[in-house]
Every structure is written in structure tokens, then in C-alpha cells.
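Protein chains in written order, with the working numbering: chain A, 14 to 732; chain B, 14 to 732.
Heads up, the beta-carbon is just placed ideally off N, CA and C, and yes, glycines get one too.
All values reported here derive from a predicted model rather than from experimental measurement.
Number of protein chains: 2
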Amino acid sequence: MTTADPTSPHPAWLPPAAFRAIGSRQTLVCGDGTLVETVRDEVARACARFGGTVQHSTGAATEPERTGVGARPYDLVLALRAAGSLPAGAAPAVEVGRELGPDRGGLDPEGFALARRDGVTVVLADAPAGLLYGLFEVVRLGAAAFDADRAVRVHSPALRLRLVSHWDNVDVHPVMGQVERGYAGGSIFWRDGAPIGDSDRIREYARLLAACGMNAMTVNNVNVHGTANRLLTDRLGDVAAIADLVRPYGIRVHLSVNFAAPVALDGLHTADPLDRDVRAWWARAAGRIYGTIPDFGGFMVKADSEGQPGPYRYGRTHADGANMLADALAPYGGVVHWRAFVYNHRQDWRDRSTDRARAAYDHFTPLDGRFRDNVIVQVKHGPMDFQTREPVSPVLAAMPGTRLAVEVQATQEYTGQQRHVCYLGPWWSEVLRFAPWGPGRPTVAAVVGGSSRDGDRTAPAGDDDRGVSAGGGLVVVSNVGADHYWTGHPLAQANLYAAGRLGWAPDLDPLAVLDEWIDLTFTPSATGDPDLLRGTLHALLDDSWRTYERYTAPLGVGFMVAPGHHYGPDVDGYEYSRWGTYHFADRDGVGVDRTRATGTGFTGQYPQPWADRYESLDTCPDELLLFFHHVPYQHVLHSGSTVIQHIYDTHFAGVEQVAEMVRRWERIGPAGLVGPALHARVTERLAEQLRSARQWCDTINTYFLRKSGVPDVRGRRIH
Amino acid sequence: MTTADPTSPHPAWLPPAAFRAIGSRQTLVCGDGTLVETVRDEVARACARFGGTVQHSTGAATEPERTGVGARPYDLVLALRAAGSLPAGAAPAVEVGRELGPDRGGLDPEGFALARRDGVTVVLADAPAGLLYGLFEVVRLGAAAFDADRAVRVHSPALRLRLVSHWDNVDVHPVMGQVERGYAGGSIFWRDGAPIGDSDRIREYARLLAACGMNAMTVNNVNVHGTANRLLTDRLGDVAAIADLVRPYGIRVHLSVNFAAPVALDGLHTADPLDRDVRAWWARAAGRIYGTIPDFGGFMVKADSEGQPGPYRYGRTHADGANMLADALAPYGGVVHWRAFVYNHRQDWRDRSTDRARAAYDHFTPLDGRFRDNVIVQVKHGPMDFQTREPVSPVLAAMPGTRLAVEVQATQEYTGQQRHVCYLGPWWSEVLRFAPWGPGRPTVAAVVGGSSRDGDRTAPAGDDDRGVSAGGGLVVVSNVGADHYWTGHPLAQANLYAAGRLGWAPDLDPLAVLDEWIDLTFTPSATGDPDLLRGTLHALLDDSWRTYERYTAPLGVGFMVAPGHHYGPDVDGYEYSRWGTYHFADRDGVGVDRTRATGTGFTGQYPQPWADRYESLDTCPDELLLFFHHVPYQHVLHSGSTVIQHIYDTHFAGVEQVAEMVRRWERIGPAGLVGPALHARVTERLAEQLRSARQWCDTINTYFLRKSGVPDVRGRRIH
């Protein structure tokens with residue numbers, strides 16, 4: 014379908030044109046180390062294309078020789094403050110450095126200061142990673158970085174760990190394929206049990222991640238089976254090869270591991286975390302890994318979850334399990350990401366007393382304070398499973414003595430599988446800004462940034478800083494695959510970009526992030542109308558998550574998807590299953606009673622004010638009504654509409670919005686603004702989105718009309 | 014789980030003990046040819062075990078030498094009438110032959126006469142196959158064959174072609190696996206694209222088929238892909254190897270072929286059945302096949318069905334397509350099985366005017382009279398797809414100028430997948446005895462036997478008889494796999510046995526057939542109580558199909574199964590899908606209006622009296638009510654119950670019946686009567702059946718309670 018060059022992937026948000034402003038100027042890079050060399054090489058590549066120059070001073074105290082240009086000063090200086098004295102042409106940088114001054118305290122190891130003074134744009138950092146992130150900030154600013162003067166501004170990431178989790182299988186899984194919940198072709202790492210060996214692509218991926226602010230990745234699925242186990246042992250070289258490729262972009266490699274690896278790999282009779290041999294096995298494994306990959310990040314574990322092995326089997330707690338791995342990694346500064354996604358996946362739907370939403374809280378909060386400092390308990394953003402709408406997980410407000418990470422899903426498992434446009438930035442932004450203890454109190458971002466606990470999560474820079482300070486950061490399930498556009502749907506690139514940016518700065522406006530992504534990604538041709546392009550992309554993306562919500566499961570009730578693959582509607586698909594995801598629709602009403610008064614009591618897992626706000630029909634937000642309450646179809650929402658009429662209205666509206674997206678996209682035409690191949694790919698996906706949205710709309714509306722018998726007050730056709 | 018010897022399959026209905034009566038006696042076999050040698054070898058094998066003797070006269074006119082026994086007459090004579098004069102010890106056989114006399118007309122080529130006179134049991138046939146079937150009739154009779162005198166009785170098959178259709182894939186299909194809809198392990202023929210090469214097993218299988226009356230098989234899935242295409246060309250040797258193994262048991266091999274094979278295999282630009290090159294290609298293919306397999310049976314084709322290629326693509330009819338293949342096979346006497354399973358599998362559920370039940374009739378009846386004599390149009394027994402309950406397909410009464418076969422499914426796709434006990438003999442018996450034109454008029458068995466057309470479908474015996482006489486016979490989708498018990502569930506063996514027996518004699522009582530199967534299969538130990546065993550097996554099997562019907566989709570509405578794999582309930586699983594299988598349940602009622610008055614008009618495809626009987630609520634049988642009518646939940650059935658109360662009652666009753674089956678099976682104990690491994694296997698499957706039946710019951714009842722709001726009058730727990 015696409016005529017794009019299949020041999021090189023789409024440049025995403027780093028096309029050559031994004032470096033035009035830098036590449037045409039005179040740049041000085043000062044400092045030592047791999048990441049500084051990356052900065053220099055990035056600038057040099059841009060200069061080779063656009064005619065600028067780059068000088069690199071590796072820390073000698075003398076002025077570097079300048080060649081090829083006159084005596085005029087540098088346009089851009091990117092310098093480590095420890096790199097020694099700067100040349101005369103970089104005088105404004107010296108001033109900025111003085112202004113920052115040692116008395117102001119060290120910069121974050123990933124932070125940087127940015128200013129423009131006397132015609133020189135200055136980026137200063139105390140550690141190489143900061144210089145790299147500073148470079149990409151200048152790239153984002155584009156020509157504006159070289160306009161008027163800018164006061165000094167210090168940038169540092171709000172979340173220390175910003176990790177992309179790949180659910181890539183090493184072997185092909187008989188049901189899940191090469192990438193579990195992957196909608197962008199094969200894996201960029203693995204094929205049929207072996208590395209693909211496409212070094213260029215992995216390097217390019219690391220570059221994209223760094224440019225949006227990510228600093229870590231797992232390279233294999235959290236469900237670990239077959240060959241993937243051996244990444245710990247005889248296939249460790251495959252991991253090291255990836256680590257070597259991504260290291261220059263400040264990306265650390267983590268591994269998903271199987272809790273029963275000692276049994277699976279070496280025939281130990283147990284994986285009991287308190288067993289001496291098991292502990293020794295993991296200690297040896299860690300030693301071996303760090304001997305090969307000195308900056309290895311750590312382990313991610315899905316234990317006692319959906320059939321995966323874990324400590325419960327041995328009568329141990331999740332703290333026992335996680336701490337055992339943490340002890341193995343501690344000597345080397347590694348961390349354990351221990352997933353809180355633990356629930357009874359063999360629930361009897363007839364048992365109304367069990368509520369899957371309660372599970373993570375019930376399993377984990379009793380263990381608060383019992384995890385090692387290098388354990389991160391990784392909590393899905395909602396209590397269920399990456400639905401289009403859920404409340405924020407109460408676990409995030411209930412473990413003050415534990416490092417917590419929040420996990421979001423860029424891969425669109427439940428949000429259109431990269432066939433639907435669904436920009437998730439606004440959703441993640443809501444989650445990160447959510448204040449579990451009420452307005453003015455710490456947000457989820459503060460919790461996972463560590464600042465809700467100690468007031469200042471910033472640790473001093475240092476060699477042994479391996480992210481073991483407080484706060485567990487952000488984990489993003491990757492939406493990337495071997496597809497030419499990386500993400501199947503070209504517009505789904507925006508989700509990965511936004512995840513990185515919101516991890517760095519959770520208070521960013523997600524629509525402003527979208528503007529960044531648009532500016533970087535799309536270079537309007539000379540004949541194109543950039544406002545038309547920007548307007549069209551905003552029209553497609555801005556409200557797309559809420560549009561998707563409108564035509565799918567209503568009012569926070571969730572699921573209603575086809576079992577197994579989760580694409581398309583099946584209202585009762587999970588209603589009589591073992592998965593704990595029910596809506597309880599009958600001829601009178603719909604929704605899950607999770608109140609303390611009459612339901613499962615899940616509302617009681619929240620602190621105030623939410624415990625009461627969710628409990629009461631008067632204060633429960635409309636969009637979460639059916640998550641917390643079972644109500645009659647004629648219940649009147651805060652919006653003034655009845656539940657049943659709201660269902661009809663939003664579903665018809667959602668389809669109409671998709672139809673409008675199709676029209677808007679048609680209007681920019683196949684050529685010119687975005688290139689014919691990309692236009693065609695989006696056109697094809699929009700057609701499928703429209704078909705699927707109609708199927709959702711008609712199925713949901715028909716289902717509820719048949720069940721309720723209440724006609725649409727507007728008399729539209731329901732089947 | 015089972016401790017049975019994995020190296021040799023279960024003997025099914027041919028354990029050594031089944032030959033005890035024959036093996037301890039003096040037998041004379043007279044005649045020439047492969048099948049006669051098979052008869053001799055079968056008797057010899059029995060004699061080796063039980064101490065009897067066998068003499069074989071190969072047609073010389075002299076008395077064969079007798080060794081090892083005295084001068085007393087034979088106990089059993091199996092003789093071709095053309096085999097020449099019989100020895101003195103076989104005098105009663107001569108008398109029987111005289112009584113049959115040439116003036117009585119030749120026997121059917123597969124027929125035989127059986128009598129017992131003067132202490133000699135006599136089987137006479139005019140062709141070798143008859144002798145083989147006669148032998149197995151004697152096996153069935155057991156000791157009774159050697160009791161009192163028996164008058165001469167001529168046996169001949171009611172249906173000429175009795176074919177087992179294997180949906181075995183040659184390559185493993187990524188979704189369907191090695192055997193499509195197979196529930197008994199892998200294929201007995203193929204594994205991962207190559208023959209398994211288990212000659213013993215294939216020979217044993219042919220023996221089982223012959224012993225129940227089958228005479229043909231396809232060896233590959235009707236969905237033909239990948240390597241299976243090449244069975245026509247460079248992998249033809251694999252087919253010939255199978256043909257060689259099954260030939261001694263009178264089984265002919267047929268092949269499923271892909272209509273687009275000329276394109277797929279040889280790059281022809283078309284598969285147009287009127288294209289000269291295409292016709293020549295198939296003619297060459299047929300020539301090649303018959304050069305290798307002289308008794309090759311023919312082709313089976315699924316064309317223009319569920320995505321398979323076919324003549325529609327070229328603007329041709331099914332008659333064009335089938336006749337083209339028929340012309341290629343005609344010089345060699347081969348037949349084409351052309352499936353009538355053609356419907357729109359991309360239906361829009363919102364379109365109420367399309368009715369999948371109508372499809373086969375609408376596609377095929379206009380072509381009546383236009384098919385070659387060696388085309389058999391193969392019609393699924395019902396208009397939908399092998400449901401637990403459907404009306405008989407009206408196509409079977411609507412093509413008087415066409416040879417028709419009826420297709421039934423022994424593999425339990427929709428009837429419990431060989432985890433549930435579901436003896437299908439009574440269901441097939443109903444179908445075969447159904448009289449489309451009313452009582453006293455021809456039955457379905459007569460239609461597919463050819464006697465509804467010409468009054469006497471029996472063709473004269475002859476060398477060139479290749480089954481091209483009228484009537485298309487029975488096609489049975491196999492339930493057999495590489496499982497030790499052949500069929501996964503040991504009791505599912507009874508289905509294959511019954512299919513063969515009902516193909517031979519459709520008027521047999523299916524419970525009498527069950528008795529045959531029990532007597533042959535189970536040899537009670539000396540300590541066992543045979544009445545307990547027989548009683549238990551009848552308790553489990555007799556009513557098992559109706560029991561299964563009770564706890565699954567009610568009143569003929571069909572489906573309500575989980576999409577894809579079709580195991581377990583999902584009431585709305587296909588309700589908003591493209592498959593045309595809907596129930597239209599809403600808060601007021603349920604069912605499909607297929608009347609002429611207000612519905613899809615499907616009732617009009619039946620001749621009288623059924624056209625009117627199905628049309629009217631007053632006369633439509635209860636068990637098909639929801640297939641033909643949409644009725645309110647409070648509609649009163651002929652049984653006196655309302656529809657909704659019937660649903661509750663039958664579902665609770667069905668579960669209770671399964672619970673009773675479990676108790677009955679427990680009572681016969683793990684040892685003794687059936688052997689511990691078989692007992693354990695059945696115990697395990699019954700536990701799953703009980704779990705699944707409860708899931709069905711609770712899901713269906715809850716679904717309809719939620720929808721109708723009508724409580725169970727007996728106040729039982731519905732969730």
C-alpha cells in the first residue's frame with residue numbers, strides 16, 4: 014500500500030529538516046564522554062547537510078582552533094561546565110555559567126540550562142546526558158532558538174526513570190505473535206528466536222527516544238518464555254549488543270525476567286526467593302550481566318499474574334520476591350520493576366463479591382515499606398487494564414513508603430490498535446495531574462517523581478547515581494514495531510513522543526506537545542500551506558481520545574471488546590468470563606456497584622475527597638459513573654441527559670466526528686503536505702476507523718435499545 | 014493422564030476379542046482378489062489367537078485341501094459365487110447359492126447374502142467387497158452367528174458412497190492447526206507438511222472404516238492451502254501411499270482440491286472453468302493421478318465459500334466449475350463432490366433482508382439438471398452449519414435432477430468438541446429418516462441413495478462401476494486424530510461407528526447401533542458385570558445429544574457459542590458479526606422470523622407439508638420454534654411451557670443430567686469393566702463436561718433473565 018522506501022524507516026520526529034536551524038550555524042561543543050560525542054556527531058551531521066560548522070573541545074583549558082569561519086562568535090555553545098575554560102567566541106556561555114554559579118547548586122544529571130545572550134545560544138550541563146537533552150531542546154525550538162535573547166532557564170526531568178517497555182517476544186508466541194499487543198509489524202529487536210541485527214534501526218530508535226526524553230527500555234516482553242529466558246545466560250550477548258547501540262543516546266537497557274528462571278534455565282528445584290541457592294543464582298546472574306553490560310538498568314517482573322510464576326507459589330510475598338532480585342542487583346546499582354498487575358484471572362463471574370479493581374491495592378498496600386530502595390512497584394494507571402477511561406489506581410496514593418512507577422500503554426490495545434487515531438497525551442496528562450488527596454495536594458506525577466515523599470526528589474549528580482533515588486517514574490508500553498512508520502498508523506508516533514515529553518515534564522499541555530511533534534515531524538513543502546496541515550493534524554488528533562471514548566464503552570464501564578484480540582465491539586464478550594471485567598447490563602440498568610454502601614467497597618481504597626466523591630451519585634464524575642455505580646437507564650447525568658440517551662448521543666456523535674476526520678484528511682490532498690505514501694496510509698486507516706466506529710456505534714446502540722426498550726428521543730435509526 | 018500404551022492405538026470396535034467366535038471355528042474362504050485376501054487374513058489372524066482354522070480356495074474348481082482338522086464340515090463359508098465349485102464340507106453354501114440363484118438378479122457389488130443352514134454359516138457375495146462386509150457382519154453377530162439356523166438374508170448398502178472427509182491440513186494452519194476442527198490430537202496422515210508415515214495406523218483405520226461400512230475418504234482439508242495443493246502434483250506419491258494402505262479394506266481415496274490449483278501450482282493466469290488451458294490442466298492432472306492410483310475416487314471442492322476461490326470469480330456458475338472437473342475425471346470413473354456450503358460470509362448484521370439459511374438453495378437449485386452425472390452436490394444436513402438442532406436443508410428436496418450427498422459432522426465442532434459426551438446417531442437418524450414431502454414419501458436417505466429419483470438406485474455389478482450411479486450418499490466429517498483413542502473422548506468412537514452403519518442402513522435404530530458398538534468395543538472382564546457396563550454406557554450415550562441440546566442454544570436458535578473456536582457459550586458472540594447467525598433476542602422476545610408472511614421467506618424453500626408446517630406457530634415443532642419464528646418470551650409452547658420457562662427448565666435439567674452421567678460413570682469404578690486408562694480419560698472429560706454445562710446453563714439463564722426480567726417460576730438461583 015505504501016510506496017515508501019522499505020529499506021529505511023520513517024524519520025518520525027527527527028527528519029533532517031528538524032536540524033536545519035542548528036545545521037546552518039557555528040556551534041561549539043565542549044566536554045568529554047560518549048554522550049558528548051553524540052551531541053557533537055548530531056551537530057556535525059546537521060552541518061554537513063546545511064553548511065554550518067562544529068567545533069569540539071574535549072576539555073583542554075586552551076581555546077580550540079577555529080577553522081573554516083571567520084572570527085565571529087559561535088551561534089550555539091553546548092558545554093559541560095566541568096569542561097574547562099571556554100574560548101573567547103563563547104564568552105556569553107561563560108557569563109551564563111557564572112550566573113548559574115556553583116552557589117546555586119548542581120544541575121540534575123540529566124538537566125541543563127538554556128539561554129541566549131549576545132547572539133549566542135548557550136546550553137550548559139553538569140553531566141553529558143544533560144547536554145544531549147539540551148541539544149534536543151534546541152532542535153525543538155528550531156529557528157526560535159536563535160532569535161531574541163532568552164533568560165537562563167534550568168530544565169530537568171520531573172521523573173527520573175522514563176522507561177519504554179517492549180512486549181516483544183524473542184520467539185514467536187503461538188497466540189500473541191512476535192510482539193504481544195503489537196500493531197506495528199514485527200519486533201525491531203527479534204525475529205523467530207534470534208536478533209534481527211538491524212543496528213541502524215535500533216540506533217535510530219534510541220535517538221528518537223532520547224529526543225523525546227526517554228532514558229531506559231526493556232527489550233523483551235513481560236511474559237517471558239522460551240528463548241527469552243536465555244537472555245540472562247547464553248544469549249546475554251544479544252542484550253549487550255542492543256545496549257551498545259542505545260548507550261550513546263543515554264538509553265539504559267533493562268530485561269524482563271521470569272521469576273522461575275532458576276528452575277527453567279538451570280533445573281533448580283525451586284524459585285523460592287528465600288532459598289539460598291536461588292538467591293545465589295540470581296546474584297551470579299546479576300554479576301554476569303554487569304560484567305557484560307556495566308550500565309545495565311535492571312529487571313522487570315510480572316509475577317503471580319495471569320499465569321506467570323511468582324513468590325506466592327512458595328508461600329512468600331511480593332516483597333520477598335522483589336527484594337531477592339533487588340539484593341542481587343544492588344551491588345551494581347540496578348533496579349527491579351515489580352508489576353502490581355496481580356489479580357485473580359480465574360474469577361467466577363457468578364461471584365459478585367470479588368472485584369478485580371480492588372486486587373492490586375489488596376495485594377500490595379499491606380507490603381508498603383517492606384520493599385528495598387531499589388525496588389520500583391510498577392502500577393498500571395488504572396485499577397483495571399489500560400481502558401479508554403478508568404479512575405486513577407488507588408495504589409498510587411496508598412504506598413508512601415514505596416517507590417512507585419505509573420505504567421501507561423502507548424500500544425493501543427484497547428484504544429484502536431493503531432488503526433484508529435487516538436492521541437493519548439490528554440489521557441496520560443489527566444492521570445499524571447490527578448491529585449489523589451484533592452486539589453493543591455501532590456499529584457500522581459509527584460508520587461512517581463518522588464517529590465510527594467521527600468519534598469525534593471532531585472538527587473545530587475554522581476557516578477553512582479543509577480536512578481535509585483525516590484520515585485519510580487514512568488513506564489510506557491511501546492507502540493513501536495518494524496513497520497516503516499514505526500507505529501503502523503503514522504499519527505500514532507505522536508503517542509510515543511508525548512509519553513517521553515510528559516515523563517520529562519508532566520505539566521506540559523498535551524496539545525502543546527502535539528505542536529512540538531507536528532513542527533518536528535512535518536516539513537511543509539514550499540507550495541504547501543503549513544496552517545492547513547497543522548489545523549488538519551489538530552483536528553484529527555486533539556480530541557481523538559475522547560472521540561474514541563464516545564463510540565466505544567460508555568461512561569467508564571470499560572471493555573465491551575471482542576475477547577482475545579480486543580479489537581472491535583462485543584458488549585457481552587467478557588460478561589460471563591473469568592476475567593473480572595463485567596458491566597452487569599440488564600433490562601433495567603447497567604454499571605458496576607463499587608460503593609462501600611452497597612457494592613464491592615472499592616471506593617474505600619481512595620483517600621478523601623475521592624472516597625466520598627466516587628461513592629456518591631451526586632458527585633461521581635459522569636465519565637466514571639458506570640465504573641462506580643449500577644444505575645437505571647433513565648438516571649439523569651450531571652450533563653442533564655439520561656444514561657440511555659447519553660449512550661445514543663455520544664455514539665452517533667463519535668461516528669460523525671470520525672467522518673469529519675476523514676473529510677478533513679481528504680482535504681489536504683494526497684500530495685504536497687505530508688507525502689503521498691503517508692497520506693495513503695492514513696487514508697486507509699481512517700477508512701477502517703470509520704467502519705469500525707460505525708460497528709461500535711450500531712452494536713452498542715442496538716444492544717442497549719434491545720435491552721432497555723427505550724427509543725432514541727431523536728428518532729435516529731438503531732438496528 | 015492416560016496410562017495406555019502410546020505406541021499402539023486403541024482397538025476401538027475391533028479388539029481381538031471381537032473375533033473370538035470366528036477365530037475358534039473352521040472357516041472356508043473362496044474367491045480371488047485383494048479384498049478376498051483381506052477376508053482370509055482377518056480370519057487367519059483370529060484363528061491364530063483362538064485356535065480355529067481357515068482354508069482359502071482361490072477359485073480352482075477342485076475341493077481345497079483341508080489340513081489340521083478332521084472331515085467335519087466348515088463352520089463358516091465366505092465365498093464369491095463366481096469362485097467355482099465348493100467342497101463337500103461347504104454343501105450348505107451351495108444350497109444357499111442355489112436359492113439366491115442367478116434368476117434372482119445379481120447382488121449389489123458391496124452386498125452379500127448371509128444364512129446359517131445345517132450347522133454352517135454362509136456368506137455369499139458377487140464381488141470381493143461384499144465378502145468383506147459380510148465378514149464384518151459375522152463379526153458383529155459374534156457367537157450368535159453360529160447359533161440357530163438363519164434364513165437367507167441379502168444385505169446391501171442403502172447409500173453407494175459412504176465417505177469420511179478429513180479436515181486434516183498438510184501444513185499446520187496458523188489458526189486452525191494440523192486438523193481443522195480436530196479434537197483428537199494431530200492428523201493420522203500429516204505432520205508439518207509431510208506424511209507421518211505411520212502405515213500401521215492408517216491400515217488399522219481403514220479396517221475400522223470397513224467394519225462400520227465406509228468405503229471412501231478424503232485425506233486433506235476442504236480448505237486447501239500450501240503444500241496440500243501439491244498432493245495433485247509432486248506430492249501425489251504421498252496420496253498413493255495412503256491409497257495402497259487402505260485399498261485392501263475397500264476404501265477409496267479422494268482428494269480435496271483448490272479450485273485455483275492451476276494458478277497456484279503452475280502459474281496459469283486464470284482458473285476459469287471454460288478456459289481451454291485450464292480444462293487441459295485438470296485433464297492432465299486427472300490422467301496423472303489415475304496413472305498412479307487407478308482406483309482414485311475423485312475430487313472434493315469447497316468453492317466460492319468462506320474465501321475459497323471458485324467459478325464466481327470468472328463469472329461462471331457452480332455447474333460450470335463442477336462439470337469442468339467432472340469432465341477431467343469422467344474417463345476414469347471419478348466423481349466430484351461439490352459442496353453446496355456457499356453463502357455470504359461478509360454479511361452486514363444490520364441487513365435484515367439477507368438470510369444465510371436461504372443461501373445454498375438460492376445458489377444451487379437454479380442449476381438443477383445442469384450437473385454432470387459424476388458430480389455430487391454435497392449438502393450440509395441443515396441450512397446453517399452443523400448445529401445441534403436445525404431443520405433439514407431444503408436443498409435436499411429441491412434438486413431432483415442432481416446427485417445429492419448429505420454431509421454430517423462427526424467431529425463435534427458445535428456439539429461439545431469431544432470433551433462432551435454427545436452421541437449423534439439419533440440426530441443423523443432423524444435427518445436421514447426425514448421425509449421432505451411428508452410421511453410415506455421418500456426420505457432424505459432415499460434422496461441421497463438415489464432411489465427417490467429412479468425408484469431403484471442399485472446399479473448392476475460390473476468392473477466399471479465406480480459409484481457414478483444415482484445418489485450421492487453420505488459424507489461424514491471425521492472426528493479422528495492421532496489420539497490414542499482415535500477420537501479424544503473414547504465414547505466419541507461411537508459417532509464414527511454410527512455414521513458408517515447409518516450410511517449402510519439409514520433405517521437402523523441408532524440405539525441398536527450403539528449396542529453393536531458396545532458389544533464389539535468392550536469385552537467385560539471375567540469379574541465384570543456386563544449389564545452394569547451396558548447400562549452405564551446407554552445411560553451416558555442414549556440421550557446425550559438431547560442433553561447437550563438442553564443446556565446449549567434453546568429451541569433451534571443455534572450458535573450462541575464463543576466465536577472462532579466455538580466451544581462454550583457466548584450468547585451474543587455472533588450477534589453483531591458478519592456470519593449471518595443471529596438470534597435477535599431483545600427484552601421482549603427471541604428468534605429468527607423466517608416465515609413467508611413476515612420474515613425472510615425461508616419456509617417457502619420447503620415443499621409441502623413442511624412449507625406450511627414451519628410457517629405456522631401452531632404447527633412448527635417446538636424444537637425448531639426459534640429457528641423459524643421470533644416470539645415473545647411468554648409464548649406458550651406445545652409442551653405447555655412458556656419459552657422463557659422452557660429455557661430455564663431445560664438448562665437446569667441438562668446440567669442435572671450431566672451430573673447423573675458423572676455419578677453413573679463413577680459407579681462402574683476405575684478398574685475392571687473398561688480398563689483404568691479409559692475410565693480415567695472419560696472421568697476427566699465428564700468433569701469438564703459438567704463444568705461446561707454449568708457455564709452454559711448459568712450464562713444462558715442469566716442472559717435471558719437479565720433481558721426478559723421474567724423470574725424462574727421454580728425460584729432457582731439465576732445469577
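Judged by DSSP in its simplified three-state form, B/CYS43 adopts strand.
Bridge pairing for A/ARG329: absent [DSSP]. Under DSSP, B/HIS186 forms a beta bridge with B/GLY190. Between B/ALA95 and B/GLY119, the alpha-carbon positions lie close to 11 Å from each other. For a cut-off of 8 Å, the C-beta gap from A/ASN242 to A/LEU278 is around 6 Å, short enough to register as a contact. The C-beta of B/ASP585 comes closer than 8 Å to at least one C-beta of chain A. Of the residues assessed, B/VAL188 falls on the exposed side of the cut-off, its CB having fewer than 16 other CB atoms within 10 angstroms. In terms of Cβ geometry, B/ALA370 and B/PHE615 form a close pair [threshold 8 Å].
If you check the CB distance, B/PRO322 and B/ASN271 come in under 8 Å. Every beta strand (DSSP E) of 3 residues or more that sits fully in the segment 232-301 of chain B is shown, in chain order, as 265-270.
Distance from the CA atom of A/PHE399 to the CA atom of A/GLY722, rounded to whole angstroms, is 32 Å.
With 16 or more other Cβ atoms from the protein chains shown falling within 10 Å of its own Cβ, A/GLU588 counts as buried. If you compare the alpha carbons of B/PHE202, B/ALA207, B/GLY206, B/ALA223 with that of B/ASP213, the shortest gap goes to B/PHE202. Shown here for B/GLY581: same chain residues with a beta carbon closer than 8 Å to its own, the five before and five after excluded, namely VAL574, ALA575, SER705, GLN708, TRP709 in chain order. The beta carbon of B/ARG591 is closer than 8 Å to those of HIS358, ARG359, GLN360, ASP361, TRP362 in its chain, skipping five residues each way along the sequence. Membership of B/PRO645 in the beta strand (DSSP E) is indicated by the continuous run 643-645. Counting C-beta atoms within 10 angstroms of its own C-beta, A/ALA525 has fewer than 16 neighbours from the protein chains shown and is therefore classed as exposed.
By the C-beta criterion, the segment 88-106 of chain A is judged to be in contact with the segment 34-44 of chain A, since at least 3 inter-stretch pairs fall below 8 Å. Residue range 523-534 is occupied by the alpha helix (DSSP H) that includes A/VAL526.
Residue state for B/THR428 is assigned as coil, using DSSP reduced to three classes. In the structure shown, B/SER70 adopts extended strand secondary structure according to DSSP, grouped into three states.
Linking B/HIS578 to A/VAL405 through their CA atoms gives a straight-line distance of about 35 Å. Going by beta carbons, A/ALA274 and A/LEU245 fall inside the 8 Å limit.
Annotated as distal: B/ARG292 and B/TYR262, with beta-carbon spacing of 8 Å or more.
For B/PRO582, the chain A residues whose Cβ falls inside 9 Å of its Cβ are TYR589, in order along the chain. For B/VAL259, the CB contacts under 6 Å within the same chain, skipping 5 residues up- and downstream, are ALA219 in chain order. Here the C-alpha atom of B/LEU638 lies approximately 10 Å from the C-alpha atom of B/VAL603. Our two residues, A/GLY199 and A/THR428, have alpha carbons roughly 20 Å apart in a direct line.
Neighbourhood of B/LYS720 in chain A, by CB distance below 9 Å: ASP599, ARG600, ARG719, LYS720, in chain order. The continuous alpha helix (DSSP H) containing B/ARG153 extends over residues 141-154. Here the alpha carbons of A/LEU268 and A/ARG248 stand approximately 12 Å from one another.
For A/MET230, the pairing in a beta bridge is given by DSSP as A/VAL177, A/VAL266.
Under a 10 Å Cβ-count criterion, A/ALA164 is classified as exposed, with fewer than 16 other Cβ atoms of the shown protein chains found around its own Cβ. DSSP, reduced to helix, strand and coil, places B/GLN422 within a strand of the structure shown. Residues of chain A with a Cβ closer than 7 Å to the Cβ of B/ASP711 are, in chain order, ARG363.
Contact check for A/LEU48 and A/ALA142: beta-carbon distance about 6 Å, within the 8 Å limit, so the pair qualifies.
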